[in-house]
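Notes to accompany the following structure.
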Amino acid sequence: MSRIASLPPNDKKQLRACMLCCLIKSAAQFKSEGCDNCEEFLEMRGSTDRVLECTTNKYDGMIAMMNNEQSWVARWQRIEEKVRGVYAVRVFGRLPVDVEDELERKGISYRPGQGNGAAASTAVE
């Protein structure tokens with residue numbers, strides 16, 4: 001059985017999307033749990049500043065991905081390898097330069113605004 005991210009609260013005004021994988025949660029959830037997909041790279045758990053730097057409240061659309069193995073939408077959005085949860089279709093904003101540099105050093109491709117569904121699996125060429 002695949003993992004599932006915490007469901008976001010009903011109050012949509014408090015929701016934020018991870019700028020690397022597009023997972024949607026509240027700022028409080030990102031602070032207490034980190035990003036279920038990107039925590040090893042973004043290290044948001046326990047840091048309000050890091051949550052605000054690496055997430056955005058500006059995004060388009062929402063996708064509830066429950067069956068990543070059979071979902072054509074998950075494949076189209078490149079989130080089929082991610083945990084089940086709610087994702088933004090597109091995010092607005094950009095990770096801080098130091099975070100981008102660190103991702104590049106780790107071989108992780110980052111394309112601002114596109115929601116890098118394959119955050120940990122796409123190597124920089």
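Residue 1 is where the sequence shown starts when you use the UniProt record's numbering, and the numbers rise one by one after that.
Don't be surprised by glycine CBs; every beta carbon is placed ideally from N, CA and C.
query, result
"Between the CA atoms of Asp98 and Ala64 - distance to the nearest angstrom", "31 Å"
"Three-way DSSP call (helix, strand, coil) for Leu103 in this model", "helix"
"The segment 70-78 contacting the segment 27-40, beta-carbon criterion three pairs below 8 Å", "no"
"Ser71 to Ala88 span [Cα, whole Å]", "16 Å"
"Cys18 - containing beta strand (DSSP E), residue span", "Leu15 to Cys18"
"Nearest candidate by alpha-carbon position, reference Tyr59, set Glu33, Val83 and Ile24", "Ile24"
"Given Met62 as reference, the closest of Leu15, Gly107 and Met44 once Cα atoms are compared", "Leu15"
"Neighbour-count burial assignment, Lys31, 16 or more Cβ in a 10 Å radius", "buried"
"Start-to-end residues for the beta strand (DSSP E) that takes in Asp60", "Tyr59 to Met65"
"CA-to-CA distance, Lys13 to Gly107, given in whole angstroms", "34 Å"
"Which of helix, strand or coil DSSP assigns to Asn116", "For Asn116, the pLDDT reaches just 49, beneath the cut-off of 50, and the residue's location in the model is therefore unreliable, although a value from the coordinates is still provided. Of the three classes helix, strand and coil, the one that applies to Asn116 here is coil, per DSSP."
"Three-state secondary structure (DSSP) of Lys82", "coil"
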